[in-house]
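S.K.: If you scroll down you'll find the structure; I have some questions about it.
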Amino acid sequence: GWGPLVPPDCVLPPRVTSLLPSNGSAAGGYTVTVLGTGFGQLASSGVVGRIGHTRCTSTEWASATSLLCVTAPSIGRGHPVTVYVANIMANASATFDFDPPRIESLVPPVAPTTGGLVATVVGSNFGTVDYSQSLSLRNGSALLPLPTLFVSNSILRVRLPAGVGTGIPVLVAVAGLTSPPANFSYSPPTLTAVEPPFSWNFLGPSVTIHGDNLGTGRASDGNLTTVHVGRQVCVPVGGNATTVHCRLQAGDGAVQVTATTGGQQSNVLTFEFRGRASVL
-17 GWGPLVPPDC VLPPRVTSLL PSNGSAAGGY TVTVLGTGFG QLASSGVVGR
33 IGHTRCTSTE WASATSLLCV TAPSIGRGHP VTVYVANIMA NASATFDFDP
83 PRIESLVPPV APTTGGLVAT VVGSNFGTVD YSQSLSLRNG SALLPLPTLF
133 VSNSILRVRL PAGVGTGIPV LVAVAGLTSP PANFSYSPPT LTAVEPPFSW
183 NFLGPSVTIH GDNLGTGRAS DGNLTTVHVG RQVCVPVGGN ATTVHCRLQA
233 GDGAVQVTAT TGGQQSNVLT FEFRGRASVL
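Structure, rendered in structure tokens:
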């Protein structure tokens, strides 16, 4: 009933049992209390802590059952925590997780539909060195990887692709950890002019609508903008992100001209169907 006897000149190896807390910022500088046994009886016991392969920036003896480890910067999950007491390694049974990345904002939050804009992604836990961090846009169930430039633990830069729509999820992945999505939007269509501004009402005129963000400007994307001239839906016969050419049926009177791209509606212009010209 007494259990095995330990000779008085033998020292039981240290053992890590738990951590408080068991997670922290990828930026490091986080104080973790390491709980266990066999950490020595004095502050001079010569203790060293490690999280994964990285040594704690400082390890402070608190008692025979607790140490204070200040984390170094790192990323990822499931890092085993080991302790050395007088060069004797503890049996590790606890792991530490660095917090996943998080996006707080995109600057600017709105991009032109033609793409090419370099946006700044502001957040946290991106890592303090370049770990091949990657940003992606969610397109339905698919993820579209984006060219990403690492700046700091809280800043990434990304070149946005052409596209349309609002509330588009953006995610950051670092060392297998993915952030919750943050949303950004493409600019709504803007109309600046209709040429010609009027036509005789007995004609089915061809008109050109000028503006911005009238689709992506890429032929492979097809026509992403719907133009309404009064009750007519303009049938495009070519164009790009700044112009739409279309042919109308004959009409009557002044009508509103609007464009819809990616679910967003433009401002309103006017086109006029005029009566037959008088013959003098």
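Oh and the sequence shown: position 82 is 64 in the numbering used here, straight run, nothing missing.
Note that beta-carbon positions come from the ideal geometry of N, C-alpha and C, so glycine has one too.
Assign residue 203 to one of three DSSP states: helix, strand, or coil.
M.R.: It is helical.
S.K.: Quick check for students: name the residue ranges of the beta strand (DSSP E) that lie wholly in the stretch 158 to 214, counting only runs of 3 or more.
M.R.: List check, beta strand (DSSP E) in window: 164 to 168, 172 to 177, 180 to 182, 188 to 194, 207 to 211.
S.K.: Thinking residue 51 and residue -2 are a contact (beta carbons under 8 Å), I'd like their distance in whole angstroms, please.
M.R.: The Cβ separation is near 10 Å, so there is no contact.
S.K.: Between which residues of its own chain and residue 317 is the CB-CB distance below 6 Å, once the five residues before and five after are set aside?
M.R.: Residue 317 falls outside the range modelled here, since the chain spans only -17 to 262, and no answer is possible.
S.K.: Which word fits residue 117, buried or exposed, when buried means at least 16 other C-beta atoms lie within 10 angstroms of its C-beta?
M.R.: Answer is buried; the Cβ neighbour count reaches 16.
S.K.: From the DSSP output, in three-state form, read off residue 124 for me.
M.R.: Strand, per DSSP.
S.K.: So does the stretch 90 to 109 actually touch the stretch 28 to 47, counting three or more Cβ pairs closer than 8 Å?
M.R.: Short answer: they don't touch.
S.K.: Could you check how far apart the C-beta atoms of residue 189 and residue 230 are, in whole angstroms? I think they sit under 8 Å.
M.R.: About 6 Å; that satisfies the 8 Å criterion.
S.K.: Classify residue 184 as buried or exposed, calling it buried when 16 or more other Cβ atoms lie within 10 Å of its own Cβ.
M.R.: The residue in question, residue 184, is exposed, as its Cβ has fewer than 16 Cβ neighbours within 10 Å.
S.K.: With DSSP as the reference, identify every bridge partner of residue 73, one or two as the case may be.
M.R.: Residue 73 is bridged to -3.
S.K.: What's the C-alpha gap between residue 186 and residue 233?
M.R.: Each residue's Cα considered, the two are about 8 Å apart.
S.K.: Would you give the residue range spanned by the beta strand (DSSP E) that residue 38 belongs to?
M.R.: Run containing residue 38: none; DSSP gives neither H nor E here.
S.K.: Can you tell me whether residue 18 is buried or exposed, with buried defined as 16 or more other CB within 10 angstroms of its CB?
M.R.: Classification for residue 18: buried.
S.K.: What does residue 3 pair with, by DSSP beta-bridge criteria?
M.R.: According to DSSP, residue 3 bridges with nothing at all.
S.K.: Just the Cα atoms here: how many angstroms apart are residue 125 and residue 104?
M.R.: One C-alpha to the other measures close to 20 Å.
S.K.: So, does the stretch 156 to 167 touch the stretch 207 to 224, judging by three or more C-beta pairs under 8 Å?
M.R.: Counting Cβ pairs under 8 Å, fewer than three are found: no touch.
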